Amino acid sequence: MTRPRTIIEKVWDAHLVSEQPGAPALLYIDLHLVHEVTSPQAFDGLRRRGLKVRRPDLTQATVDHGTPTTPRTLPILDQVAAAQVARLEANCREFGIPCFGFLSDKQGVVHVIGPEQGLTQPGMTVVCGDSHTATHGAFGALAFGIGTSEVEMVLATQCLPQRRSKTFKVEVNGALKPGVSAKDIILALIARIGVGGGTGCVIEYCGSTIRALSMEERMTVTNMSIEGGARAGMIAPDNVTYQYLHGRPFAPQGAAWEAALERWRRLPTDEGAAYDKEISIDAAALEPMITFGTNPGMGIPISGAVPDPAAVADPLERETLSKALKYMALEPGKPLLGRPIDVVFVGSCTNGRLADLRAAASVLKGRKVNPRVRMLVVPGSQPVKRQAEAEGLDEIFRAAGAEWREAGCSMCIAMNGDQLEPGQYSVSTSNRNFEGRQGKGGRTLLASPLTAAASAVNGVISDVRTLL
Ligand code: SF4
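Under numbering that gives the first Met the number 0, the sequence shown has 117 at position 118, and the numbering climbs by one with no breaks.
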C-alpha cells in the first residue's frame with residue numbers, strides 16, 4: 000500500500016519530469032502567466048538564442064502593473080508604462096502567445112484573470128513572474144512566483160528546476176464573527192508566524208472555516224502565503240471549487256469536465272498524511288486585523304495597541320520594530336483606532352474581486368466618504384468591473400464620493416501614477432506595506448475591504464463592527 004500523501008505531494012509527484020539525488024527536481028508546468036514587467040528580458044533572451052515558446056497554448060499574458068486606471072479612452076501617458084505595455088503586446092504577437100492587452104475586455108491583474116477565465120484548475124502547476132502567484136493555490140494548484148531568468152526557462156522548455164518544499168498544515172476551525180473576513184484570517188496567521196514562519200514550506204489551508212469560504216475569499220488567503228515566507232499556499236478542491244469553475248471559458252467542457260472532476264476528486268490530502276509543520280487557528284476568536292508596521296507580519300487586532308519595542312527581548316526584532324514605528328510615525332502603546340487617514344485603496348489581487356467590492360459597497364451604501372479622504376476603488380479585472388456595474392456597485396461608490404477606476408494593480412504597487420504623497424496614511428486592501436510600496440514616504444496599513452470602507456466613512460481608522 001502506498002503511504003498517505005498530502006495534496007502538496009500529490010501535485011508535485013504528478014509533475015516530476017526527473018529527480019536526481021543532490022540536484023533540484025525538474026517540474027512540468029501546466030500554466031504560465033506572463034505580464035509586462037518581468038517578461039521583456041525573457042523574450043529578449045529567447046530571441047538572442049533563436050528559441051521559440053515551447054507551449055504558447057499553456058501561456059497567457061495580460062497587462063496590469065503599470066496600466067493607468069483612468070478611462071481606457073485616454074492614452075497611457077507614462078512613457079515607461081506605455082513602452083512596457085506595447086512591448087508585451089508585440090512580444091506576444093511575435094511568439095504566438097494569447098494576450099489580454101490594454102484594450103481587451105478580459106484585461107486585469109494576472110492573479111485575477113487566471114481564475115476568472117477558468118485557466119487555473121485543480122492539480123495544476125502554475126507559475127508567473129510575480130510573488131503573489133500563490134493566489135492560484137486556492138484551487139488546489141501548486142502555484143508560485145518565479146524570477147525573470149526562470150520566466151525565460153519556462154517559455155523555452157515548459158519545465159522548471161525546483162527543490163521540494165516542506166509541508167505546513169494551517170487548520171482554521173470555527174465560525175467567523177460579523178465584520179471578520181478572509182483577509183483577517185491571513186493577517187492573523189502572518190502576525191502569529193511572522194514573515195519568515197513559512198520559509199521553505201508550502202502551506203495547506205484546511206479546516207471548517209476554510210471550507211466555508213467562497214473561492215474569492217479562499218484566493219485572499221492563499222494570495223498572502225508568500226507574506227508569511229511560504230513558497231505557495233494550497234486549498235484542496237471541493238464542490239465550491241467545481242461550482243466556481245464550471246462553465247468558465249477555459250474550464251473543461253462536456254466529457255472532459257466529467258473526466259477532470261474524477262481526477263480532481265483524488266487530489267485532497269489522504270487520511271493520515273504527515274506534515275512537517277502544523278498550526279491551528281480558532282476563527283471564532285479572530286477580530287478584524289490591521290497592520291501598523293512595514294511588513295505584513297506587523298499586524299494587530301483593530302482594537303489593539305501599537306506594540307512597544309521596549310517589551311521585545313530580541314535586539315534585532317526590537318530594532319526592526321523601532322525602525323518601522325519611526326517610519327510609520329506611530330507611538331508605542333497607543334491604539335490605532337481613531338487615527339486620521341488620507342487615502343483608502345480597495346483593489347489588488349488580494350481584494351479586488353467582486354466579493355471584495357460587494358463587501359466595501361455594503362458599508363458605503365447610503366453613507367459618504369469623509370471629505371478629508373481620497374478613496375480609490377479599482378476592480379481586479381475588466382470582467383469584475385462589468386459585473387460590479389451590472390449590480391450597481393459603481394453607483395454606490397460614486398454616490399459615496401469614491402473614485403471608480405479601470406482595472407489594474409494601481410496603488411498596490413504605485414507604478415501607474417496612483418500613489419500616496421510622502422507622509423500620507425492609507426488603509427489598503429493590498430498585500431504589502433513595505434516602506435514606499437504605495438509611493439515614496441507613504442504609510443500603508445493593510446486591512447480588509449470592510450475595515451477599509453469603514454475607515455473611509457469615518458476618516459479615521461475604524462472598527463467596521465460599529466457600522467454593521
Ligand atoms: S495587485 Fe499588487 S501584488 Fe497583485 S500582481 Fe499587482 S502588483 Fe503584484
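Where is the CB? At the ideal position from N, CA and C, for every residue including glycine. Computed from a predicted model, the values in this text were never measured in an experiment.
Give the residues whose C-beta lies closer than 6 Å to at least one heavy atom of ligand 1, in chain order. Counting every residue whose Cβ lies closer than 6 Å to a heavy atom of ligand 1, we get D63, H64, V108, V109, H110, D129, H131, S347, C348, C408, C411, I412, S429 and N430.
So, K176 versus A283, is the Cβ gap smaller than 8 Å? In this structure, A283 lies closer than 8 Å to K176 by Cβ.
Taking only runs of the beta strand (DSSP E) that begin and end inside the segment 253-285, which ones reach a length of at least 3 residues, in chain order? Taking 3 residues as the minimum length, the beta strand (DSSP E) runs contained wholly in the segment 253-285 are 276-281, in order along the chain.
For A80 and M414, the rounded distance between their alpha carbons: Straight-line measurement puts the Cα of A80 at about 8 Å from the Cα of M414.
Roughly how many angstroms separate the alpha carbons of T221 and A211, rounded to a whole number? Distance between the alpha carbons of T221 and A211 is about 15 Å.
Which runs of the beta strand (DSSP E) fall wholly inside the segment 155-188 and span at least 3 residues, in chain order? Along the length of the segment 155-188, whole beta strand (DSSP E) runs at least 3 residues long occupy 158-161 and 165-172, reported in chain order.
Sufficient close CB pairs (3 or more, under 8 Å) joining the segment 400-412 to the segment 425-436: Contact between the segment 400-412 and the segment 425-436 is present, because at least three Cβ pairs lie under 8 Å.
Mark N238 as exposed unless 16 or more other C-beta atoms lie within 10 angstroms of its C-beta, in which case mark it buried. Residue environment analysis places N238 among the exposed positions, since fewer than 16 neighbouring C-beta atoms fall within 10 angstroms of its C-beta.
My output table needs one value for T134: the three-state DSSP class, helix, strand or coil. T134 falls in the helix class under three-state DSSP.
Classify P39 as helix, strand or coil using the three-state DSSP reduction. Helix at P39.
Euclidean distance between Cα positions of D462 and A453: Computed Cα separation, rounded: 7 Å.
Would you identify the three-state DSSP class for G473, choosing helix, strand or coil? The structure shown does not extend to residue 473, since the chain is modelled only from 0 through 467, so no value can be given for it.
According to DSSP, what are the bridge partners of V343? Residue pairing for V343: DSSP places it in a beta bridge opposite M374 and V426.
First and last residue of the uninterrupted beta strand (DSSP E) at E203: For E203, the enclosing beta strand (DSSP E) starts and ends at C200 to C205.
Do T61 and V474 count as a contact pair if the criterion is CB distance below 8 Å? Nothing about residue 474 can be read from this structure; the chain reaches only from 0 to 467.
Report all residues from its chain with a CB closer than 6 Å to the CB of M327; omit the five preceding and five following residues, and keep chain order. Taken in chain order, the residues that qualify are R442.
Residue range of the unbroken alpha helix (DSSP H) whose run includes T465: DSSP places T465 in no alpha helix (DSSP H); its state is neither H nor E.
At a cut of 8 Å, does the segment 28-40 reach the segment 143-155 through at least three beta carbon pairs? By the criterion of at least three beta-carbon pairs nearer than 8 Å, the segment 28-40 is in contact with the segment 143-155.
Roughly how far, in whole angstroms, is the beta-carbon of G379 from the beta-carbon of A401, given that I think they are within contact range, below 8 Å? Their Cβ separation, rounded to whole angstroms, is 16 Å, which puts G379 and A401 out of contact at 8 Å.
Option nearest T268 by Cα separation, candidates A140, G196 and L26: Among A140, G196 and L26, the Cα nearest to that of T268 is on A140.
C-alpha distance - I184 paired with D129, whole-angstrom precision: Approximately 23 Å, taken between the alpha carbons.
Should A455 and M288 be called a contact, given that it needs their Cβ atoms to be closer than 8 Å? Not closer than 8 Å, so no.
Starting from M214, trace the alpha helix (DSSP H) both ways and give me its first and last residue. Where M214 is concerned, the enclosing alpha helix (DSSP H) stretches over M214 to N222.
Please classify T1 as buried or exposed, where buried requires at least 16 neighbouring CB atoms within 10 angstroms. By the neighbour-count criterion, in which a residue is buried when 16 or more other Cβ atoms sit within 10 angstroms of its Cβ, T1 is exposed.
Could you work out which residue in Y424, V383 and K367 is closest to L335 when comparing CA atoms only? Comparing Cα positions, the closest option is Y424.
Under 8 Å by Cβ, that's how I've got V362 and V343 pegged, so tell me the actual separation to the nearest angstrom. Not quite, the Cβ-Cβ distance comes to about 11 Å (not below 8 Å), so this is no contact.
Same chain, Cβ closer than 6 Å to A259, five either side skipped, listed in chain order: For A259, where only same-chain residues beyond five positions count, the Cβ hits under 6 Å are P251.
Buried or exposed, going by whether 16 or more other CB atoms sit within 10 Å of the CB of P23? That one is exposed.
Beta-carbon separation (whole angstroms), R357 vs L375, contact threshold 8 Å: Contact flag wrong, Cβ pair sits at about 17 Å.
If I follow the unbroken alpha helix (DSSP H) through I395, where does it start and stop? For I395, the enclosing alpha helix (DSSP H) has its first and last residue at L392 to A399.
Work out the CA separation of A41 and E390 for me, nearest whole Å. Taken atom to atom, the span from the alpha-carbon of E390 to that of A41 is near 40 Å.
Can you check DSSP and say which residues form a bridge with C127? Paired residue(s): L32 and G144.
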